[in-house]
C-alpha cells in the first residue's frame with residue numbers, strides 16, 4: 004500500500020493506493036504528468052493517479068521477478084529494474100522498447116537503483132555492488 008500524506012498536516016492521508024496484485028510496492032516515481040509509477044514485488048509496474056488511486060491507468064508485466072527500481076526517462080519512457088532493466092512506453096505497456104540483461108549474470112542479482120545521465124544513458128546499480136552504464140538507444 005502507498006499512502007500520500009498532507010505535508011501541512013502529517014496525520015492526513017491525501018490518497019491511498021493498493022497494488023492490484025496485492026504485493027509489496029518497492030519503488031515509486033512521480034511522472035511528468037503528475038501520475039505515479041509504482042514498482043511491485045510481483046514483477047509489475049503500475050501507473051496510477053493520486054487523484055483517483057483506485058484505478059490503474061496502465062500495467063507493465065514484462066519482468067519475471069520483483070521490480071525494485073523505477074524511473075521516468077527524459078523522453079517519457081519508463082525504465083524499470085528487476086534482475087534486468089527494461090524500458091517501455093507508458094502508453095503502450097505491452098511493448099518493451101529496450102532490455103539490458105547485464106545485471107542478471109549471477110543468481111539473485113537485482114537492480115536496486117537507476118538514474119538517467121545527461122547524455123541519455125542509464126546507470127543502474129545492483130545488490131552485489133556493480134554499476135552498469137548502458138545506452139537504451141543501442142538496444
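In the working numbering, the protein residues as written are 4 to 142. Just so you know, even glycine gets a beta-carbon here, dropped at the ideal spot from N, CA and C.
Given residue i, which residues of its chain have a CB within under 6 Å of its CB, disregarding the five upstream and five downstream residues?
i          : result
residue 89 : 65, 83, 99 and 102
residue 3  : What the structure shows of the chain is the stretch from 4 to 142, and residue 3 is not part of that stretch, so it cannot be assessed.
residue 93 : 50, 61 and 81
Tell me the residue span of the beta strand (DSSP E) that contains residue i.
i           : result
residue 113 : Looking at the DSSP string, residue 113 is not in any beta strand (DSSP E), and its letter there is neither H nor E.
residue 49  : 48-52
residue 104 : Here residue 104 belongs to no beta strand (DSSP E), and DSSP marks it neither H nor E.
residue 143 : Examination of residue 143 is not possible in this model, given that the chain is present from 4 through 142 alone.
residue 43  : 39-43
residue 29  : 28-33
Counting only the same chain and skipping the five closest in sequence on each side, list residues whose C-beta sits under 7 Å from that of residue i.
i           : result
residue 44  : 26, 27, 29 and 69
residue 115 : 71, 72, 128, 129 and 130
Let's test the definition: count the other Cβ atoms within 10 Å of the Cβ of residue i and tell me whether it reaches 16, buried, or not, exposed.
i           : result
residue 104 : exposed
residue 126 : exposed
residue 14  : exposed
Which one or two residues does DSSP pair with residue i in a beta bridge?
i           : result
residue 84  : 72 and 88
residue 129 : 114
Cutting at 8 Å between CB atoms, please list the residues of its own chain near residue i, excluding the five before and the five after it.
i          : result
residue 16 : 6, 7, 8 and 9
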